[in-house]
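Reviewing the structure listed below.
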Amino acid sequence: MSENPYQTYDARILEVKDLTSREKLFTLRFLDPEVGEKFEFRPGQFVIVDIRGFGEFPISICSSPTRRGYLQLCIRKAGRMTKFIHKMKEGDIIGIRGPYGNGFPMEEMEGSNLILVAGGLGMAPLRSVLWYAIDSGKYEHIWLLYGTKAYEDILFRDEIIHLLKHGEAMNCSVKLAYEVESPSCIYLERGFSDRVCRGVVTDLFRGEEFDVNKAYALICGPPVMYKFVIRELLDRKLSPGRIYMTLERRMRCGIGKCGHCIVGTSTSIKYVCKDGPVFTYWDALSTRGLI
Amino acid sequence: MRYIKLPSENFEKFFKSLEAWGTVYAPVKKGSIYSFQEVHSPSEIALDYNRTMLPPKKFFFRPKEAILRLKNGRWEEEVEAEPMVLFGLHSCDIHGLKILDKVYLDEPADPYYKSRREKTLIIGISCMPDEYCFCKSLGTHFAMDGFDLFLHELPDGWLVRIGSVRGHEIAWENGELFEEVTDEDLANFKEFEEKRSKAFQKELPQEGLADMLDLAYNSPVWKKYAEICLACGNCNMVCPTCRCYEVCDRWVDAYKAVRERRYDSCFMENHGLVAGGHNFRPTRLDRFRHRYYCKSYFDPSAGYNCVGCGRCDEFCPAKIEHVKVLEEVRGSLK
Ligand SMILES: Cc1cc2nc3c(=O)[nH]c(=O)nc-3n(C[C@H](O)[C@H](O)[C@H](O)COP(=O)(O)OP(=O)(O)OC[C@H]3O[C@@H](n4cnc5c(N)ncnc54)[C@H](O)[C@@H]3O)c2cc1C
Ligand code: SF4
Ligand code: SF4
Ligand code: FES
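If you read the protein sequences in the order shown, they are chains A and B.
So the mapping is simple: the numbering used here equals the position in the first sequence, first residue as 1, plus 1480.
So the mapping is simple: the numbering used here equals the position in the second sequence, first residue as 1, plus 72.
Next comes the structure, spelled out in structure tokens:
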């Protein structure tokens, strides 16, 4: 591989799938098989996507490392560059560099229960954890608590509904909260009355008993969500060291050079791109501005 | 460390010998401002300068530079580096480069910075503080490493400290220009350093500074200064340890594009802006405070992110004084 960390590697878009009106799922494969072979990642890591001549942006890897040979990115149309990639088609070539960041400590959590708490687009990095945990079979039980705006906004809807139906056989319980009522939601709620409700993601904690000594929480969602979810977890006496969250900041380089993702004060400075994007609640307590 | 003496009458020959290594850059006076410029004779150099406006970081991390060039749909890299001699760096600037090294040479190293750094000879020179300097408080007023040669002024020449193998080579190849250091030279060196130590007018007390600043997060002093600050970002541009950059792709013609980076400033509103318009540092207060926290961050292995060069004070159009802000913030803790 190149010595130059800013160089990106050609990847072909194998498939583009509409997930919602704003998010698309891009399935990619590196053109050079050797690059693809060497590209190893852990759930929670991200890549920098390079649209040559237009710019770069960071995106979490949403596929699981247990499923080799391809890479999936769930990209929301948010602005200039993401709008551009939304116009791209199967067969088009983009650049990828990475993987970057620390990712979730999957080995450390083996044998435990995982509580995945996702809000909106936060589902993307947690999907990597979800399938890694299910495929590897090394975790006792997996809860996925997913808060979404409306039925139409549910990311990976087929997978979510599949897990609502058959998840228990894979040690996985999925719970869904939606905010905007629609016939489809009511239909879902009727089918899974104990697991689908109208409300926000914290409502899904109601009635759930987690063995806090055997559980880890992994959170990803919009900035406002963290405070409420963390309060819910702390109320249940989950140790701050077992609460992991993945954060977003402005990123340019992804490797600790450009300074955009720096947070903190005179006693603790952290780079979200290389010290994170996954942090524990202890980190948040000692580094101001993290959440 | 090895010490030798360069007598005044050999200075010119010594300077000429440096040209064999690479292009020589040294502080030059232009109007009332000093800057590092290409020089061809010692007479062009302002040996007694206080500080240049742009620090020597501009030679390694350029104000604007292409990092990749797009040709036929592929990025091409150009890690070119010319051999250079940076002559006459003050101790604080040498410390500034060491702080930048920690960022840019940390794995994965920035190849552009790295190749320029490797091809550059650093020659330090002693200085007298002026009213803006506070490097003594930060321990950056004396460089123990980070240079190839360091020249200390003596009444009849220079006491030279040799700080690297390359420095040894230069001294070896030009052996006839140097002499052994005498007891008199030593006495003069000691006298100069004592005089210099007493000349500092500004001081930043260190005791518990990092913690107290952190505790004073909500101090009204931040707000007071944020209102005076023009958010021009000058302080970032001139700071030897500020290294934020922004990246942009630019088309040269229909077939060619460049990926450029340029200095960025955390005072700019879009520094913390992410997609969808969410800003992690939306107000000028947030951004002002952020710069001070970033500069005052204490890394146990490398010290502060500020070397006390005084540039941000001298070149701030709003006359905001770095030390004064920190002292007032600390003082506001009751
Ligand atoms: C670790 C991480 C993981 C992420 N994971 C995902 C994910 O899985 N899915 C997802 O959809 N999103 C993800 N994001 C967010 C994603 O990076 C942004 O949505 C994306 O950068 C938006 O780019 P844009 O150009 O479309 O948006 P814009 O809003 O146009 O631009 C985004 C930023 O770039 C700046 N900018 C725009 N144009 C220029 C220009 N010409 N020159 C300089 N600056 C410019 C803007 O000021 C803004 O700060 C992630 C972000 C991070 C940090
Ligand atoms: S140079 Fe002075 S006025 Fe300009 S941004 Fe810095 S502190 Fe503010
Ligand atoms: S913060 Fe000011 S005094 Fe400190 S290194 Fe930067 S420019 Fe120099
Ligand atoms: S993204 Fe550049 S330093 Fe983190």
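We put the beta carbon where it would ideally sit given N, CA and C, even for glycine.
All values reported here derive from a predicted model rather than from experimental measurement.
- Query: Is the segment 319-329 of chain B close to the segment 83-94 of chain B, with three or more CB pairs under 8 Å?
  - Reply: no
- Provide the residue(s) that pair with residue 73 of chain B in DSSP beta bridges, ordered along the chain. DSSP, once it has assigned bridges, lists no residue as partnering residue 73 of chain B.
- Going by Cα to Cα distance, which pick from A:1529, A:1596, A:1533, A:1587 is closest to residue 1606 of chain A? A:1596
- Answer yes or no: the CB of residue 208 of chain B versus the heavy atoms of ligand 3, is any distance below 7 Å? Outside the cutoff, so no.
- Could you check the C-alpha separation between residue 366 of chain B and residue 158 of chain B for me, to the nearest Å? Near 27 Å, if we compare the C-alpha coordinates of residue 158 of chain B and residue 366 of chain B.
- Query: From residue 217 of chain B to residue 165 of chain B, what distance separates their C-alpha atoms?
  - Reply: 12 Å
- Flag residue 195 of chain B as yes when its Cβ comes closer than 7 Å to any non-hydrogen atom of ligand 1, and as no otherwise. In this structure, residue 195 of chain B has its CB at a distance of at least 7 Å from all heavy atoms of ligand 1.
- Local conformation of residue 184 of chain B per DSSP, three classes: helix
- Message: If contacts are defined as beta-carbon pairs under 8 Å, then residue 1575 of chain A and residue 1488 of chain A qualify, I think. What distance do you get, rounded to the angstrom?
- Response: 3 Å
- residue 1485 of chain A versus chain B: which residues are under 7 Å apart at the beta carbon? 180
- Query: Cα separation between residue 133 of chain B and residue 277 of chain B?
  - Reply: 31 Å
- Query: Buried or exposed: where does residue 305 of chain B fall if 16 or more other Cβ atoms within 10 Å of its Cβ makes it buried?
  - Reply: buried
- Going by other Cβ atoms of all chains shown within 10 Å of its Cβ, with 16 needed for buried, is residue 1616 of chain A buried or exposed? exposed
- Of all the CB atoms in chain B, is at least one closer than 8 Å to the CB of residue 1703 of chain A? yes
- Message: Please tell me whether, using a cut-off of 7 Å, the distance from the CB of residue 311 of chain B to the nearest non-hydrogen atom of ligand 3 is below it.
- Response: yes
- Item | Closer than 8 Å at the beta carbon, the chain B residues around residue 1735 of chain A | Listed along chain B, the residues sitting closer than 8 Å to residue 1735 of chain A by beta-carbon distance are 180.
- Item | Residues bridged to residue 1597 of chain A (per DSSP) | A:1625, A:1699
- Task: Consult DSSP for residue 1550 of chain A and reduce its assignment to one of helix, strand or coil.
- Result: coil
- Task: On the DSSP bridge assignment, give the partners of residue 351 of chain B in chain order.
- Result: Partner(s): B:345.
- Query: Which residues share a DSSP beta bridge with residue 288 of chain B?
  - Reply: According to DSSP, which records beta bridges pairwise, residue 288 of chain B is partnered with nothing at all.
- Of the listed residues B:208, B:257, B:206, B:207, nearest to residue 223 of chain B (C-alpha basis): B:257
- Message: Can you look up residue 326 of chain B in the DSSP assignment and give me helix, strand or coil?
- Response: Secondary structure at residue 326 of chain B: coil, using DSSP grouped into helix, strand and coil.
- Query: Quick one: is residue 345 of chain B near chain A, going by C-beta distance under 8 Å?
  - Reply: yes
- Query: residue 1609 of chain A to residue 1492 of chain A, Cα distance in whole Å?
  - Reply: 24 Å
- Between residue 105 of chain B and residue 387 of chain B, what straight-line distance do the alpha-carbon atoms span, to the nearest angstrom? 10 Å
- Query: Which residues in chain A sit within 7 Å of residue 357 of chain B, going by Cβ to Cβ distance?
  - Reply: By Cβ distance, chain A contributes nothing, its closest Cβ being about 13 Å from residue 357 of chain B, past 7 Å.
- Could you tell me which chain A residues have their CB closer than 7 Å to the CB of residue 173 of chain B, listed as they occur along the chain? Simply none; closest approach about 12 Å.
- Message: Can you tell me whether residue 200 of chain B is buried or exposed? The criterion is at least 16 other CB atoms within 10 Å of its CB, across all chains shown.
- Response: exposed
- Chain-ordered neighbours of residue 323 of chain B on chain A, where CB pairs are closer than 7 Å: 1533
- Message: Distance check for residue 1700 of chain A and residue 312 of chain B, CA to CA, integer angstroms please.
- Response: 37 Å
- Message: Run through the DSSP bridge pairs and tell me what residue 1538 of chain A is partnered with.
- Response: The partner list for residue 1538 of chain A (beta bridge, DSSP) reads A:1528.
- Message: Suppose contacts are defined by Cβ-Cβ distances below 8 Å. Is residue 206 of chain B in contact with residue 265 of chain B by that definition?
- Response: no
- Query: Taking the beta strand (DSSP E) that residue 1580 of chain A falls in, what are its first and last residues?
  - Reply: 1573-1580
- Task: Could you please tell me which residues of the segment 1492-1519 of chain A, in chain order, have their CB closer than 8 Å to any CB of chain B?
- Result: none
- Task: Could you name the residues of the segment 1612-1636 of chain A whose beta carbon sits closer than 7 Å to any beta carbon of chain B, in the order they occur along the chain?
- Result: none
- Query: At a Cβ threshold of 8 Å, is residue 368 of chain B touching chain A?
  - Reply: yes
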